[in-house]
Amino acid sequence: MLELLPQQLVNGLALGSSYALIALGLTLVFGVLQIPNFPHGELYMLGASFTYVLVAYGMNFWVAVPIASLAVVIVGILLDQVGYRRIDTGGNLSLMISALAMSTVLQQVATLIWGAEPHTTLSPLPGVLRTAYFSIGYYQMLIFAATIACWLFVWVVLHRSRLGLAIRAMSQNKMAAQLMGIDLIWIRIATFAIGALIGGFAGSLLGASFPIYPTMGLNPVLKAFVILVIGGVGNLWGAIVGGFVLGILEILVSAYISSQLQDIGTFAVLVIVLIVRPNGLFGRAEVLR
Amino acid sequence: MKMMKTLLTAATFLSASAVGSFAENLTLGELHPVTGPASFYGLVMSQTLKLRAEQTNEKGGLDVGGTKYTLSIATGDDQAQATKGVAALRKLMTDDVHFIFGPLASAVAPAVKPIIDKQTDLLQIIDGSIADGVVNGKNSFRVQASADTYNNAVLNYLTENKVKSVAVMTDRSHQGFVMSEKRMGESIEKAGVKVTGLEHFQIGDTDFSAQLTNLRASMPDALVLRGYPGEGALITKQAEALGFKGQIVWEMGAPPSTVMKNIPSAQMDGVTNCIPRMMADYVRLNVPNALKLQEEFKKKYGEDPGENASFSNDAFWILTTAMQKAGSIKAPDVAKALTEMKVTDVPNLIIQYQPYENGLLFKDGQANPPSACQVWKGESWQNPPGDKIEMTTKN
Amino acid sequence: MLSIENLAAGYDRLEVLHDISIKVEEAGSVVVLGPNGAGKSTLCRAISGLLPCRHGKIVFDGKDMTGASPADRVRAGIVQVPEGRQVFPDMTVLENLRLGSWIHGEPKGPDLQKAFDLFPRLAERRNQNAGLMSGGEQQLLALARAMMARPSLLLLDEPTQGLSPVAIEQVATALISIRAQGVSILLVEQNLSLAEAVGERAYVLETGRCALEGPAAELLSSDAVAASYLGH
Chain A
1 MLELLPQQLV NGLALGSSYA LIALGLTLVF GVLQIPNFPH GELYMLGASF TYVLVAYGMN
61 FWVAVPIASL AVVIVGILLD QVGYRRIDTG GNLSLMISAL AMSTVLQQVA TLIWGAEPHT
121 TLSPLPGVLR TAYFSIGYYQ MLIFAATIAC WLFVWVVLHR SRLGLAIRAM SQNKMAAQLM
181 GIDLIWIRIA TFAIGALIGG FAGSLLGASF PIYPTMGLNP VLKAFVILVI GGVGNLWGAI
241 VGGFVLGILE ILVSAYISSQ LQDIGTFAVL VIVLIVRPNG LFGRAEVLR
Chain B
1 MKMMKTLLTA ATFLSASAVG SFAENLTLGE LHPVTGPASF YGLVMSQTLK LRAEQTNEKG
61 GLDVGGTKYT LSIATGDDQA QATKGVAALR KLMTDDVHFI FGPLASAVAP AVKPIIDKQT
121 DLLQIIDGSI ADGVVNGKNS FRVQASADTY NNAVLNYLTE NKVKSVAVMT DRSHQGFVMS
181 EKRMGESIEK AGVKVTGLEH FQIGDTDFSA QLTNLRASMP DALVLRGYPG EGALITKQAE
241 ALGFKGQIVW EMGAPPSTVM KNIPSAQMDG VTNCIPRMMA DYVRLNVPNA LKLQEEFKKK
301 YGEDPGENAS FSNDAFWILT TAMQKAGSIK APDVAKALTE MKVTDVPNLI IQYQPYENGL
361 LFKDGQANPP SACQVWKGES WQNPPGDKIE MTTKN
Chain C
1 MLSIENLAAG YDRLEVLHDI SIKVEEAGSV VVLGPNGAGK STLCRAISGL LPCRHGKIVF
61 DGKDMTGASP ADRVRAGIVQ VPEGRQVFPD MTVLENLRLG SWIHGEPKGP DLQKAFDLFP
121 RLAERRNQNA GLMSGGEQQL LALARAMMAR PSLLLLDEPT QGLSPVAIEQ VATALISIRA
181 QGVSILLVEQ NLSLAEAVGE RAYVLETGRC ALEGPAAELL SSDAVAASYL GH
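Note that the protein sequences, when read in sequence, are chains A, B and C. Residues in the first sequence are numbered from 1 upward in steps of one, following UniProt numbering. Residues in the second sequence are numbered from 1 upward in steps of one, following UniProt numbering. Residues in the third sequence are numbered from 1 upward in steps of one, following UniProt numbering.
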């Protein structure tokens, strides 16, 4: 079985990059705005669905991806304005309930529009790289690269732009940020927009390897919350590493213990991390620094 | 008091004549997921039942022992979830419904079973779930195949094609497949085929690389996938990417429209599906009743009926025929008629049930639909050359 | 320059300030004294716009600011150094200062130079995370950060809270030099020595009302004030 290890690790990296890509936007919104944005999974689903529709109407996949992602940004901003902004001072429970409600609403709307049957965007980059030790699809390699690119993008925005300065200020101290003359509402919208952009982009890309259906975001978003616990809330690098850790771990559990225990493995790790390092492997808040 | 009675009689008379006949009403219940993720299976089943009920009413209703009944279908939407299914069944029972078609989902059937077992005035005909142990032959019957029929189809394929080794992947959220997994493995080994690996996945999973990497390394001649077509398509794609070169055998109801939404059709070429014959199969084999339903369904709903329409169609005719034979709409009488019913008694059947001893349709509540393997070619399943069906019903 | 007229403010159902009227002259300096719970911080929050006014008016430079957002007030020149310093702990000193000058864009060289002249220690620590500095240093940073916005009115909420006597001395020196630049000051304090060093006029708050008002020197030296309102 050990001779399969290289292949299994590659499998884990491929799975992990899809997890990391989804966790990235979630950790940003959760870290900065303290919103448990469950509908991030639905933004992911919308990114996939929009792309599917555009491609079905004959648009080139690579053109459809940015258009679909930007459309998701609009939905994301509306989601924040309708679902969260007005109850921002209402406490965590209200935010959580509203998040779950928004999640359900988006799922139902998607069901009404597109039905519940799964479908997949045809992969724009078929083909497999085969080596002596492992094989990996070119498209999986692309997703891996996209994950790293998204992380770099968010990092640069946060640490090399004025907008990022304000976002970090808001996440560290909302009141002080207001006293600097920062219009929080715009920073909030911008933060949500970036989170939605990455979520939509993730769905847009991953819809070409995974089936698209209204509740397709549920499982990934749960995994993403696990990654937040592993990597630390608001910690970008933690989201990336946590995604890979979870992906590799699930594959190894499934490959070497039993494929019936895949999910149990995930949650066992979650519990262990919570016990050993309650703030995640990398601590809270890289966003903040 | 007398006056009151007269008035009431008059009122009844008036309301009856208002609908244009003296027929009595008979409500038949159904448990199908008409919303939710499994609705693309469940909706056509519901539509088929409603179509049949309407047609019966247009001909003056169902004649049972000289009384004409106007049929209506009461839909219990179980959304393929156990809790919703139980709630929907209870609602139907409160509404005084005594006949239930369904459920479709293997998650729902075992959940409603204890309730149905206890009701003597309730009769169930399962037209979907293949779960083990949900049929009692007293007040629950099944026109859909049992899990073993599914498995036997695969087993026949393996032996007929002299497959030497096989790996099996089962959806562990599919009750019917999970419960029969061990039995299936044993009977494959008994037939002299080596089982090189048993792996699992779950509906909604998107990554199967770990399992497939393991299975590929065990070098089986064939890979059997037991579950739903969404995952089936994904696994087929990922198996190819990981370099699996053997024969892929599906064991699942897999409408081509669903398959093609999830995998480029070229990648499906040569994949074999071994299952009980369903709607599209009978249409391809030109079974007259299948063609007729296809046409009528299309006329009413504007699209082709799905794979499970055949089961719901047959369940409808079997139940109504049993009522006529029993001359009663009391559930125990109808159940008795079902146990004595012969395959040739029922008109309009699509599925060519293999009769049991003495031509009986049910044995311990279970009917025996034939199974077969089809091969994907182009954009749909094709019957292998020379495939013929033995006609066992009136057509 | 700042005129507060009959102001009322509070949280949820609790009204904390009732009918407060305070005036700060151009280049003037005003101290507001009062025991804990008198509503001093609430006053600061109402002036900087963090809390809405329930009643009354806030006029600044002749413009009605009663309904303006915090950001609008900063742009008009009202800048607050909040209670407890509230520096951005996981950002460097320089990033804190950059945020201070948010309304003017990236900080200009002269602004930064002015801040570093005022507090040379900050120049040494410009790339250190603010959260790692001592309380006194953080207070100086909070002051420098506020100055980056080029305020015409500086609002200070208990800047000496939790500081050592040496650090208090540094804050006092800084405030005096800020005053000398012509910036008006509204200082909310419990610490009498800082109040004496900085204040021209003084108001004493008691349970949300203005109890006394007068020249700082006079008011602060009266035993009655010390005894009854400040717990000394």
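Cβ atoms here follow ideal geometry from the backbone N, Cα and C, with glycine treated the same way.
Is there a C-beta anywhere in chain A that falls below 8 Å from the one on residue i?
{"i": "C/Ala-71", "result": "yes"}
{"i": "C/Phe-88", "result": "yes"}
{"i": "B/Glu-181", "result": "no"}
{"i": "B/Ser-209", "result": "yes"}
{"i": "C/Val-74", "result": "yes"}
{"i": "C/Ala-27", "result": "no"}
{"i": "C/Pro-82", "result": "yes"}
{"i": "B/Glu-30", "result": "no"}
{"i": "B/His-174", "result": "no"}
{"i": "C/Ser-48", "result": "yes"}
{"i": "C/Ile-178", "result": "no"}
{"i": "B/Lys-50", "result": "no"}
Quick one: what does DSSP say residue i is sitting in, helix, strand or coil?
{"i": "A/Glu-286", "result": "With a pLDDT of 44 at A/Glu-286, under the threshold of 50, the modelled position of this residue cannot be trusted; read the value that follows with caution. Correct three-state label for A/Glu-286: coil."}
{"i": "B/Tyr-371", "result": "The question names Tyr, yet the displayed sequence has Ser at residue 371 of chain B. Of the three classes helix, strand and coil, the one that applies to B/Ser-371 here is strand, per DSSP."}
{"i": "B/Val-34", "result": "coil"}
{"i": "A/Ile-182", "result": "coil"}
{"i": "B/Ile-203", "result": "coil"}
{"i": "A/Met-59", "result": "coil"}
{"i": "C/Glu-26", "result": "coil"}
{"i": "C/Cys-53", "result": "coil"}
{"i": "C/Phe-60", "result": "strand"}
{"i": "A/Tyr-139", "result": "helix"}
{"i": "residue 442 of chain B", "result": "This structure cannot speak to residue 442 of chain B, because chain B is shown only from 1 to 395."}
{"i": "A/Leu-112", "result": "helix"}
{"i": "B/Phe-141", "result": "strand"}
{"i": "C/Arg-209", "result": "strand"}
Is there a C-beta anywhere in chain B that falls below 8 Å from the one on residue i?
{"i": "A/Tyr-213", "result": "yes"}
{"i": "A/Phe-210", "result": "yes"}
{"i": "A/Ile-251", "result": "yes"}
{"i": "A/Asn-11", "result": "yes"}
{"i": "A/Glu-42", "result": "no"}
{"i": "A/Pro-118", "result": "yes"}
Let me check one thing: in DSSP terms, what residues is residue i bridge-paired to?
{"i": "B/Tyr-69", "result": "B/Glu-24, B/Leu-62"}
{"i": "A/His-119", "result": "A/Ile-212"}
{"i": "C/Val-79", "result": "C/Leu-154"}
{"i": "A/Trp-155", "result": "Bridge partners of A/Trp-155: none, in fact."}
{"i": "B/Glu-251", "result": "B/Arg-226"}
{"i": "C/Ile-185", "result": "C/Ser-29, C/Leu-154"}
{"i": "B/Val-166", "result": "B/Val-195, B/Ala-222"}
Please report whether the beta-carbon of residue i lies at a distance below 8 Å from any beta-carbon of chain C.
{"i": "A/Asp-183", "result": "yes"}
{"i": "A/Ala-176", "result": "yes"}
{"i": "A/Ala-132", "result": "no"}
{"i": "A/Asn-173", "result": "yes"}
{"i": "A/Met-180", "result": "yes"}
{"i": "residue 290 of chain A", "result": "Residue 290 of chain A falls outside the range modelled here, since chain A spans only 1 to 289, and no answer is possible."}
Determine the burial state of residue i: buried for a count of at least 16 other Cβ atoms within 10 Å of its Cβ, exposed for fewer.
{"i": "C/Glu-124", "result": "exposed"}
{"i": "A/Arg-188", "result": "buried"}
{"i": "A/Trp-186", "result": "exposed"}
{"i": "A/Trp-62", "result": "exposed"}
Inset, instruction - Inspect the CB distances between the stretch 159–166 of chain C and the stretch 186–194 of chain C and report whether three or more fall short of 8 Å. - result: yes
Legend entry - Given 8 Å, three or more beta-carbon pairs between the stretch 165–180 of chain B and the stretch 231–251 of chain A: no
Inset, instruction - Evaluate contact between the stretch 249–261 of chain B and the stretch 321–330 of chain B, counting only Cβ atoms and requiring at least three cross-stretch pairs below 8 Å. - result: no
Inset, instruction - Count the C-beta pairs between the stretch 157–167 of chain B and the stretch 128–135 of chain B that are closer than 8 Å, then say yes if the count reaches three, no if not. - result: no
Legend entry - the stretch 190–200 of chain B in contact with the stretch 76–88 of chain A per 3-pair CB rule at 8 Å: no
Legend entry - Sufficient close CB pairs (3 or more, under 8 Å) joining the stretch 45–57 of chain B to the stretch 87–94 of chain B: no
Inset, instruction - Report yes or no: do the stretch 366–373 of chain B and the stretch 4–13 of chain C share at least 3 C-beta pairs separated by less than 8 Å? - result: no
Inset, instruction - Tell me, please, whether the stretch 72–81 of chain A touches the stretch 247–254 of chain A by the rule of three or more beta-carbon pairs shorter than 8 Å. - result: no
Inset, instruction - Answer yes if the stretch 256–274 of chain A comes into contact with the stretch 45–65 of chain A, meaning at least three C-beta pairs across the two stretches below 8 Å, and no otherwise. - result: no
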